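Below is one structure, written out as structure tokens, with a few remarks after it.
Numbering (the numbering used here), first residue to last: 132 to 324.
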């Protein structure tokens with residue numbers, strides 16, 4: 132946590148609470164992306180259990196990198212991967228999202244949000260807004276034809292991930308298609324550049 136905060140403060144020349152907010156944007160995006168894309172595209176969900184995640188900080192984009200190599204993968208009974216020893220077979224797609232919420236939101240991200248808030252006093256609602264953005268944005272970026280409806284997929288994910296993220300972003304139509312509009316501040320305006 133300290134290395135992540137120090138890197139963000141140095142990288143963007145910001146104070147502690149802005150460093151926490153900016154670092155967490157990349158962190159939330161990096162940890163949610165494999166889960167959300169796995170569910171939306173393949174109905175396979177890597178289970179990011181906190182004690183199995185390895186985090187790295189890079190000087191290149193993406194700044195925060197995760198190794199989920201030892202993660203179990205939740206799959207449906209008819210998935211060919213269900214026979215794999217690392218597979219966690221569940222009944223239906225809703226169970227996949229339940230497992231993702233429990234491991235990703237309730238366990239992992241809740242602990243990171245609490246730690247960042249405790250270390251810097253950055254607002255928890257602001258941090259959960261970054262999670263909401265990291266949940267919705269990948270669904271809107273999935274190529275056309277991959278899912279039936281990208282906006283509906285984003286809404287399903289937001290609703291499934293519970294009260295902490297629900298209502299912190301709006302899905303709006305923009306000139307280039309649907310996009311996420313946050314209801315919380317990102318604190319980019321505090322950066323020197």
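Using N, Cα and C, we set each Cβ at its ideal position, and we do this for glycine too.
As the structure is a prediction and not an experimental result, all values here were calculated from the model.
Among 228, 174, 200, 273, whose alpha-carbon lies nearest the alpha-carbon of residue 207? As a working mapping, residue 207 is identified with position 76 in the chain shown. Taking only the C-alpha atoms, the option nearest residue 207 is 174.
Taking 8 Å as the threshold (C-beta atoms), are residue 183 and residue 201 in contact? Locating residue 201 in the chain shown gives position 70, where the first residue counts as 1. Locating residue 183 in the chain shown gives position 52, where the first residue counts as 1. A contact, by the Cβ cut-off of 8 Å.
Return the Cβ separation of residue 204 and residue 177 in integer angstroms, given the expectation that the two are a contact with Cβ distance under 8 Å. As a first step, residue 204 must be located in the chain shown, where it is residue number 73. As a first step, residue 177 must be located in the chain shown, where it is residue number 46. Indeed, because the Cβ distance is near 5 Å, the residues count as touching under 8 Å.
Inside the region 265–308 only - alpha helix (DSSP H) runs reaching at least 4 residues: Listed in chain order, the complete alpha helix (DSSP H) runs (minimum 4 residues) inside the region 265–308 are 281–291.
How big is the Cα-Cα spacing for residue 289 and residue 282? Position 158 of the chain shown, counted from the start, is the residue given in the question as residue 289. Position 151 of the chain shown, counted from the start, is the residue given in the question as residue 282. For residue 289 and residue 282, the distance between alpha carbons rounds to 11 Å.
Own chain partners of residue 132 with C-beta closer than 6 Å, once the 5 adjacent residues on each side are dropped: On the chain shown, position 1 is the one that residue 132 refers to. Same-chain partners within the cutoff: 246.
Taking DSSP's pairing of strands, which residues face residue 196 in a bridge? Position 65 of the chain shown, counted from the first residue, corresponds to residue 196. Secondary-structure assignment with DSSP links residue 196 through a beta bridge to 187.
Measuring alpha carbon to alpha carbon, tell me which residue in 195, 164, 291 is nearest residue 271. Sequence index remark: in the chain shown, residue 271 carries index 140 (1-based). Taking each of 195, 164, 291 in turn and checking the Cα distance to residue 271, the smallest one comes out for 164.
With DSSP collapsed to three states, give me the class of residue 313. Indexing the chain shown from 1 puts residue 313 at position 182. Of the three classes helix, strand and coil, the one that applies to residue 313 here is strand, per DSSP.
Ignore the nearest five residues each way along the sequence and tell me which others in residue 291's own chain have a CB closer than 7 Å to its CB. What you label residue 291 is simply residue 160 of the chain shown in a count that begins at 1. Correct list, in chain order: 228, 232.
Locate the beta strand (DSSP E) running through residue 207, then write down its first and last residues. Position 76 of the chain shown holds residue 207. From DSSP, residue 207 is part of no beta strand (DSSP E); its letter is neither H nor E.
Quick check: the Cα distance between residue 155 and residue 230, rounded to an integer number of angstroms? If you number the chain shown from 1, residue 155 lands on position 24. If you number the chain shown from 1, residue 230 lands on position 99. The alpha-carbon atoms of residue 155 and residue 230 are separated by roughly 22 Å.
Would a C-beta distance cut-off of 8 Å place residue 220 and residue 295 closer than the cut-off? Here residue 220 refers to the residue found at position 89 when the chain shown is read from its first residue. Here residue 295 refers to the residue found at position 164 when the chain shown is read from its first residue. Not a contact, by the Cβ cut-off of 8 Å.
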